[in-house]
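Protein chains in written order, with this note's numbering: chain A, 856 to 1138; chain B, 18 to 178.
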Amino acid sequence: MWGVESDKVRITTFCYGLEIQLGRDPVAVLIENRLQTTCACFRRHLPSTVEVGVAICRSNCDSDSASFVVLSFAVSPGRGQAPTPWTKRNSGQQAVRSPPIKYERNSEKETKGAKEGNPALSSLSLSEWPLTQTQRILNDSSFDDSWAVLSTAFTQIHNKNASELSFEVLYRNAYTVVLHKDGEKLYNAAKQVVAAHLKTVAAGEIYTAYQELVNAPGTRDYDKQDAGVRCLKVVRDAWEDHTLCMRMIRDVLMYLVLSHQCTRALLMLGSHLRDASQCPAHI
Amino acid sequence: MTQANVPPIYDTGLNLFRTEVVENPDLRIGQHLISTILSHITLERQSFPVDRTAIKTNLEMLQQLSTDNKDTVYGQSFEPLFIGESSKFYERESNEMLVNCDAATYLRHVEKRLQEEYERSQHYLIPSSEPKIRRIVEKELIESHMKTVADVAQPYSIPNY
């Protein structure tokens, strides 16, 4: 929870909401302009694979001041740009492509905005929406439930069984955890699982290979060459497996990455709006 | 949210590979790995065939692992040892050769070594190492023995009227 304040613009983020109050700007046209600047600003600060939807939910206009509240700020992977699903590693079968994740429309708030006849609402794309507050409560599950699913999945990924996993289920679990503001906890827990796995790998096959190298007969480099090549290959395989696993884990935790980028974008947006408010004539 | 300062999960994963595997204080896999690579390079210099692809992937891995002070494991751990080993190897070799060969053979050998090191750096070293290793060969094989070579070479190069 953070906010940026100046005498003319106030932004407060809620879970994914944004409140902007404009001071002395002349009314409705400026709201629309400002809102479009806001959307453009979001887009500029986020990678092109990310789609942004912003909607006004409430606006108050009178002769010399205007304010509106953006309650829904949705960031989602752009259409056709869903995270690359992984292929089955141990069989020659075709890659399983997960369906793209769809967000429910925030119908209640949209209707409210429409009833108040907000001029800017119709000009905005409302194609992607996060789950609403109500739906979140309905879908509520604790961190432990989601983490149980995710940690099992990470173990499967490490054991090269990823083909049996459903990307959508995992993504949704990670998404729920992040929405419940447990993103950091999830990040650390994932880090621990990866670290524990790497410890096992290091102490297992890699260490064994090096023991064989040290104990190989002969004293010259040449005598130990074959054992040396085996070690190099064991380390190489471990490295390649690890980078593949990390790519999968990153895809599953995509929402964590997005919310991280989003936090940064919001911070930049805050200063952008504050700067813009200093010179309303140019807006 | 307080995630603005943590690195992305993928980078964290690569970093964990460094701390848990390569630089694991109990297993010392990094040291073993680097000394294995160095011994293979020495073998190649002695004209034994080696598995260049295996060396290349391992060195690329070391290059991708960044350390806490924004260097890479390659730059921080491998390269200094590689330069040191090469320096010792060529110092020993030049001393042995100058006892047994004439200047022309020696100079041809130096040229061959320069060519070999260039090819090695193209094949499996990181490009930034190329000028460093060239400098070592030039220093150990040429600069240090300039006078000796010139002395030995004199009878052949300047006709005695």
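Just so it is clear, CB atoms sit at the ideal spot from N, CA and C, and this is done for glycine as well.
{"Check": "Cβ closer than 7 Å: which chain B residues qualify as neighbours of Lys1088/A?", "Outcome": "Ala71"}
{"Check": "Assign Gln1080/A to buried or exposed, taking buried as 16 or more other Cβ atoms, counted over all protein chains shown, within 10 Å of its Cβ.", "Outcome": "buried"}
{"Check": "Note down, in chain order, every chain B residue with its Cβ under 7 Å from the Cβ of Lys1040/A.", "Outcome": "Under the 7 Å cutoff, chain B gives no residues; its nearest Cβ is about 11 Å from Lys1040/A."}
{"Check": "Kindly indicate which three-state DSSP category Glu860/A falls into: helix, strand or coil?", "Outcome": "Here the model assigns Glu860/A a pLDDT of 34, short of 50, so the residue's position is not dependable and the matter cannot be decided."}
{"Check": "Kindly say whether Trp1002/A, judged by its beta-carbon, lies nearer than 7 Å to any beta-carbon of chain B.", "Outcome": "no"}
{"Check": "Could you tell me whether the stretch 117-124 of chain B touches the stretch 51-60 of chain B, where touching means 3 or more Cβ pairs closer than 8 Å?", "Outcome": "no"}
{"Check": "Relative to chain B, which residues along the stretch 1056-1068 of chain A have a C-beta separation below 8 Å, given in chain order?", "Outcome": "Val1056, Ala1057, Ala1058, Ile1061, Tyr1062, Tyr1065 and Leu1068"}
{"Check": "What does His1097/A reach in chain B if we use C-beta pairs closer than 9 Å?", "Outcome": "Gly30, Leu31, Leu33, Phe34 and Val38"}
{"Check": "Which of helix, strand or coil does DSSP assign to Ser83/B?", "Outcome": "strand"}
{"Check": "Return the first residue and the last residue of the alpha helix (DSSP H) that Asp1078/A is part of.", "Outcome": "Careful: Asp1078/A lies outside any alpha helix (DSSP H) and carries neither H nor E."}
{"Check": "Taking CB distances under 7 Å as the criterion, tell me whether Asp85/B reaches chain A.", "Outcome": "no"}
{"Check": "Indicate the three-state DSSP secondary structure (helix, strand or coil) for Thr74/B in the structure shown.", "Outcome": "helix"}
{"Check": "Would you kindly work out how many angstroms separate the C-alpha atoms of Ile143/B and Ala1058/A, rounded to a whole number?", "Outcome": "29 Å"}
{"Check": "If we call anything under 7 Å between Cβ atoms a contact, is Leu1087/A one with Asn75/B?", "Outcome": "yes"}
{"Check": "Considering only the alpha carbon of each residue, which of Glu160/B, Ile159/B and Phe95/B lies closest to Leu50/B?", "Outcome": "Phe95/B"}
{"Check": "Please confirm whether Val1049/A has its beta-carbon closer than 7 Å to some beta-carbon of chain B.", "Outcome": "yes"}
{"Check": "Would His140/B count as contacting chain A if we go by Cβ distances under 7 Å?", "Outcome": "no"}
{"Check": "Can you give me the C-alpha to C-alpha distance between Ser997/A and Glu77/B, rounded to a whole angstrom?", "Outcome": "42 Å"}
{"Check": "Report yes if the C-beta distance between Ser111/B and Ile153/B is below 7 Å; otherwise report no.", "Outcome": "no"}
{"Check": "Is Thr165/B helix, strand or coil by DSSP?", "Outcome": "helix"}
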